[in-house]
Amino acid sequence: MPVGVVDEDNTATSREMIRNLDAFQTSHVVAHYPNMNEAREAIQRNEIYAFLLIPKGTTDELYSSRQPKISFYYSNVALLPGSTIFRDLKTISSLGSAHVGAAKLSALGKTSSEIKTFLQPIALDLHMIGNPWTNYNIYLSTAMVPGVLMLFVFLITPYSIGTELKFKRSHEWLNMAGNNIHVAIIGKILPQFLIFLCIFYGYEFYVYYILGFPHPGGIIPILLLGFLTVTACQGFGIFIFGIMPSLRMSMSICSLWSVLSYSTSGTTYPITSMNPMIEAMAQLFPLRHYYMIYQIAIFNGFPLYNCILHIGALLIFSLMPLLSINHIKTAMQKYTYIP
Amino acid sequence: MCYIWAKEMHSTITDEGVLIFCILVPLLYPLLYSWIYNNEVVRDVPIAVVDLSHSQISREFIRKVDGSPDTKVSYFCNNLDEAKQLVAKQDVKGIIYFPPDFDKKLFRGEQSHVGVYCDMSLMLIYKAIYQTAQAVSQDINSKIQISQSNNYTERDDEITTKPLDFESVEIFNSTGGYGNALIPAIVMLILQQTLLLGIGLAAGTARENNRYQDLVPISRHYNGIFRIVLGKASCHFMIYCVMGAYITLCVPKLFHYTSMVTVPSLLGLMIPYLLSCIFFGMALSCLVRYRENVMLLVVFTSVPLLFMTGISWPQSNIPGVWQGIALLFPSTFGIRGFLRISSMGATLADIKTEYQALWIQVLVYFLVTCIVYRYQINQTRRHAYERMESLKQKAKEAKEKKMAETERKTLAESELE
Chain C
1 MPVGVVDEDN
11 TATSREMIRN
21 LDAFQTSHVV
31 AHYPNMNEAR
41 EAIQRNEIYA
51 FLLIPKGTTD
61 ELYSSRQPKI
71 SFYYSNVALL
81 PGSTIFRDLK
91 TISSLGSAHV
101 GAAKLSALGK
111 TSSEIKTFLQ
121 PIALDLHMIG
131 NPWTNYNIYL
141 STAMVPGVLM
151 LFVFLITPYS
161 IGTELKFKRS
171 HEWLNMAGNN
181 IHVAIIGKIL
191 PQFLIFLCIF
201 YGYEFYVYYI
211 LGFPHPGGII
221 PILLLGFLTV
231 TACQGFGIFI
241 FGIMPSLRMS
251 MSICSLWSVL
261 SYSTSGTTYP
271 ITSMNPMIEA
281 MAQLFPLRHY
291 YMIYQIAIFN
301 GFPLYNCILH
311 IGALLIFSLM
321 PLLSINHIKT
331 AMQKYTYIP
Chain Z
1001 MCYIWAKEMH
1011 STITDEGVLI
1021 FCILVPLLYP
1031 LLYSWIYNNE
1041 VVRDVPIAVV
1051 DLSHSQISRE
1061 FIRKVDGSPD
1071 TKVSYFCNNL
1081 DEAKQLVAKQ
1091 DVKGIIYFPP
1101 DFDKKLFRGE
1111 QSHVGVYCDM
1121 SLMLIYKAIY
1131 QTAQAVSQDI
1141 NSKIQISQSN
1151 NYTERDDEIT
1161 TKPLDFESVE
1171 IFNSTGGYGN
1181 ALIPAIVMLI
1191 LQQTLLLGIG
1201 LAAGTARENN
1211 RYQDLVPISR
1221 HYNGIFRIVL
1231 GKASCHFMIY
1241 CVMGAYITLC
1251 VPKLFHYTSM
1261 VTVPSLLGLM
1271 IPYLLSCIFF
1281 GMALSCLVRY
1291 RENVMLLVVF
1301 TSVPLLFMTG
1311 ISWPQSNIPG
1321 VWQGIALLFP
1331 STFGIRGFLR
1341 ISSMGATLAD
1351 IKTEYQALWI
1361 QVLVYFLVTC
1371 IVYRYQINQT
1381 RRHAYERMES
1391 LKQKAKEAKE
1401 KKMAETERKT
1411 LAESELE
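Protein chains in written order, with the working numbering: chain C, 1 to 339; chain Z, 1001 to 1417.
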């Protein structure tokens, strides 16, 4: 990621610092600016995400123990670059400090392990369970791609039922099912279900086995989750169409609902930090339960009984059409489509 | 042109689908999203502590972690397995583990370790736990350093622990708020997507109401291309000027988001943005045969479009192909530009690339729209002509029939005579 430097000191030490910064995996020094204002304008022009300011006399003061101050300025407007660069710049300045301390202590004749202990008496052992590389793809693809797939299911289900009404085939459709709406719906949904299930399993196979995303939970939760997700979305779609048997309204509701579910699933911004009312409402979105089951049973590999409530919720979504299926029948027999 | 404008206005207000997407969604969705993200930052992430050393220093560490704003110590466990169970139930998001020899090692003059286990399913939670643990350990470290070195003054202590001082300044979005980072992008995307949906739905309806499923009806008002395109565009533009002002000015005020927009920069960005969205939508609307199909198309693209702008994953790290695809959509430049003028206080000169790109899009999509509308008009004329021809044909046939009949009659009459 591009960062800039304002080096007013121009000494061997300051240049070493800049070289160190450049050597980090995540930052790349792209430009030197003569003063702070120009660097700030470069951020506003989106050329760099952050810059390091080394004031004049830093090296002098460092060697004469007068505690100089370097500053780094970073923009948090894009959160991920902001926090990544913050980490790098902080490491740089800590290294700068440690460098001086180490030089001083080794002059006193301390051994390297003594120096290490003095500089950092308590060290943190960080265990990043499941995603030790902080791989962003693992965050993104496991929540957003299923979200998009679910959106498709959400929209296609009412669309396929609604078009029967639209093209005035609803009577024919019901007659084929012997006037039994259950048969009619199942007959319509089953082939779609198989297709969606194949797509979903294909996606899961791709991310877990080809891309090798962490899945210590094993195959059973993966298969179960794929099945439940598809049925829950289809169930939700039929339910909405049953409540509002108009193609346009049900599709509008489904699309608005599914777009909102990206936020309320809490995949990027945790749901516990939201308003309590939103936290409760989030339970109405299938993607939320998908995500919880994914992170408990697949990503962290805990036993399935820990997410039994979420599995139950998805089952309820799958069974919701039972509430409104009779309404679909009346709609199919009586309503006509108005463009 | 005024007639078309009035007609389009009328259809926007009376068509419930268009009404939902053009008026209600832009009004309500920003409020809803702001409400969702209004807390901005993650506070008091629950963590479990496994303290096997039971020492004064470990307790100080725990107190400080508990006292920091981002984390909260909610459980004390006797071993790691117990803590793991809590993570499984999602009661806690992380574990801090002090080994039995934690303080012994410290007093022996060896490096001592604290284990921090983070649930990595959420980036923000990981950040909260990790940064807190790091800050606390640094704080305690410097205290230990001071006690070990033979300093005389406080200034000496400061220099020992921190020979090189540094400060970090978050110049933009200084709270690191999630809402502040995301909401400007979301509202701009809402503007574009609802426009596309509204225009597409209106076009779909027009087609379905038309006898030949044509976009352009036969009427003496619908003769010139520019008349149709500009008439329709001006209707959408008027509605969306109001919506745009509401979204870019009222919503940030209501929810106290950072908003550093100035009048020239906002106008300079929003006018080309809205225009390019409108013409893009109109060009796209010719593809729409049935009104509901447009929903499938537009809703699905929302999330990919948001990611293509570089709001989440940095723009500089997006593969070139996707960057190229992103150039096609007005939202890419609109969001990038708006983020900079509203969150960073950039001037119009700073977002030169963005607004220039938007004007180019306005021109290109305007031309495309004109071309497709020309095609549509020609098609309408052809349909009308065919219809007229077939009518003429029918009339002719009927006439001939009649003629033949009368002839036959006269023939029969003459035969009779």
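Glycine included, every Cβ here is placed at the ideal spot set by N, Cα and C.
Following the DSSP letters along the chain, one finds residue 126(C) in no alpha helix (DSSP H) but inside the beta strand (DSSP E) bounded by residues 122 to 129. Residue 1177(Z) and residue 76(C) have their C-alpha atoms roughly 8 angstroms apart. Sequence-ordered contacts of the stretch 232 to 256 of chain C with chain Z read 247, 248, 249, 251, 252, 255, 256 [C-beta pairs closer than 8 angstroms].
Going by beta carbons, residue 1304(Z) and residue 1190(Z) fall outside the 8 angstroms limit. The beta carbon of residue 136(C) lies closer than 8 angstroms to those of 80 in the same chain, with the five residues before and after it left out. In its chain, beyond the 5 residues on either side, 1048, 1050, 1077, 1095 have a beta carbon closer than 6 angstroms to the beta carbon of residue 1083(Z). If you check the CB distance, residue 298(C) and residue 190(C) do not come in under 8 angstroms. For secondary structure counted as the alpha helix (DSSP H) over 4 or more consecutive residues, the stretch 28 to 64 of chain C holds these complete runs in sequence order: 36 to 44, 58 to 63. Under the Cβ criterion of 8 angstroms, residue 88(C) is not counted among the residues facing chain Z. For residue 1250(Z), the closest alpha carbon among the candidates 1118(Z), 1027(Z), 1018(Z) is that of 1027(Z).
Nearest neighbour of residue 214(C) by Cα position, chosen from 47(C), 287(C), 131(C), 174(C), turns out to be 131(C). The alpha-carbon separation between residue 1120(Z) and residue 92(C) amounts to approximately 25 angstroms. Identification of chain Z residues near residue 295(C) by a Cβ-Cβ cut-off of 7 angstroms yields 1121, ordered along the chain. A direct Cα-Cα distance of roughly 13 angstroms separates residue 121(C) from residue 1058(Z).
Under the three-state reduction of DSSP, residue 1311(Z) is assigned to coil, being neither helix nor strand. Unbroken beta strand (DSSP E) runs of no fewer than 3 residues, entirely contained in the stretch 58 to 119 of chain C, are found at 69 to 75, following chain order. For residue 1077(Z), the enclosing beta strand (DSSP E) starts and ends at 1071 to 1077. Contact with chain C is absent for residue 1059(Z), since none of that chain's Cβ atoms lies less than 8 angstroms from the residue's Cβ. Setting aside the 5 residues that flank it on each side, residue 183(C) is surrounded in the same chain by 177, each with a C-beta closer than 8 angstroms to its C-beta; the list follows chain order.
Only 1158, 1159, 1162, 1163, 1164, 1165, 1166, 1167, 1168, 1169, 1170, 1171 from the stretch 1157 to 1171 of chain Z bring a Cβ to less than 7 angstroms from some Cβ of chain C.
In this structure, the CA atom of residue 1021(Z) is about 23 angstroms from the CA atom of residue 1328(Z). Counting along the chain, the unbroken beta strand (DSSP E) around residue 2(C) starts and ends at 2 to 7. Rounded to whole angstroms, the separation of the alpha carbons of residue 277(C) and residue 1092(Z) is 21 angstroms. By the Cβ test, the stretch 1334 to 1352 of chain Z is not in contact with the stretch 1285 to 1299 of chain Z, since fewer than three Cβ pairs between them sit closer than 8 angstroms. Scanning chain Z for C-beta atoms nearer than 7 angstroms to the C-beta of residue 77(C) yields 1172, 1173, 1181, 1339, 1343, 1344, reported in chain order.
The DSSP-derived three-state label of residue 1097(Z) is strand.
Interface residue (Cβ-Cβ distance to chain Z less than 8 angstroms): residue 129(C) is classified as such. Boundaries of the beta strand (DSSP E) harbouring residue 1119(Z): 1112 to 1119, taken from the DSSP string. As a beta-bridge residue in DSSP terms, residue 1172(Z) pairs with 75(C). Close partners of residue 300(C) in chain Z (Cβ separation under 8 angstroms): 1087, 1088, 1119, 1121. Spatial neighbours of residue 318(C) in its own chain (CB-CB distance under 8 angstroms, excluding positions within 5 residues in sequence) are listed in chain order as 228, 231, 232, 234, 235. Straight across, the Cα-Cα distance linking residue 1257(Z) with residue 1025(Z) is about 20 angstroms.
Around residue 1245(Z), the same chain offers no residue with a beta carbon nearer than 7 angstroms, after the five sequence neighbours per side are excluded.
Identification of residues in the stretch 104 to 126 of chain C having a C-beta nearer than 7 angstroms to some C-beta of chain Z yields 116, 117, 118, 120, 121, 122, 123, 124, 125, 126, given in sequence order. The three-state secondary structure of residue 245(C), taken from DSSP, is coil. Within the same chain, and ignoring the five residues on either side of residue 1074(Z) in sequence, the residues whose Cβ sits closer than 8 angstroms to its Cβ are 1046, 1047, 1048, 1091, 1092.
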